[in-house]
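Protein chains in written order, with the numbering used here: chain A, 1 to 113; chain B, 1001 to 1111.
All residues carry an ideal CB built from backbone N, CA and C; glycine is no exception.
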């Protein structure tokens, strides 16, 4: 079990460019979450899928951010027209049937310059 | 939505002493309370959790207490060791899936 896999581990984008972050949940886990971690805001929930269907995106910024889960083995978080304030560590997590222990990936550190 | 407040931003103890980290939450519907540990440069690692049907749970040197009336829960670490040094995050969930995190407590265990 390799755990939750996130790629890339680090990404640097220029202001205004698009960034796509990838997540492979633990095999057999049907719930996938995205969180963002910054020094100022701490750990913020972004969005949640269960069985590939979007369940709750209440934490997603309304503009420029989107997430998809095209199949059970991966999810993507896309940020369009990146801004410096988008710089953060983006964490993907998964759990079995959306209940109980949530396992986190190592994160993608996004830096917008 | 749920708001979780973690009261100690830093905590320093001597090796072998006990450490206590306190959190409060706002949503009476919250029923699941996990704790995570984050070591420097690493991701979150599950430590222990408690569900609202009990008020105490122990696992080796870790104990979690839950006071639903006060909407308060705490992590107690006994016989601390240098490897316990990390940032600890409490979290609450009203639905057993989305976690709402506290701001973290940096625990330093001094030899």
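At least 9 angstroms separates the beta-carbon of residue 1025/B from that of residue 1049/B. Under a 10 Å Cβ-count criterion, residue 1091/B is classified as buried, with 16 or more other Cβ atoms of the shown protein chains found around its own Cβ. Interface residue (Cβ-Cβ distance to chain B less than 9 angstroms): residue 77/A is not classified as such. Around the beta carbon of residue 25/A, 16 or more other beta carbons sit within 10 angstroms, so the residue counts as buried. Assigned with DSSP and collapsed to three states, residue 72/A falls in coil, not helix or strand. Of 1098/B, 1040/B, 1009/B and 1103/B, the smallest CA-CA separation from residue 56/A is found for 1098/B. Nearest neighbour of residue 1087/B by Cα position, chosen from 1100/B, 1064/B and 1021/B, turns out to be 1021/B.
In the structure shown, residue 18/A falls within a coil segment according to DSSP collapsed to helix, strand and coil. At a cut-off of 9 angstroms between C-beta atoms, residue 1088/B does not count as an interface residue with respect to chain A. Residues of chain B with a Cβ closer than 7 angstroms to the Cβ of residue 21/A do not exist, since the nearest Cβ in that chain sits about 14 angstroms away. When C-alpha distances from residue 1084/B are compared across 1073/B, 1061/B, 1008/B and 1066/B, the shortest belongs to 1061/B.
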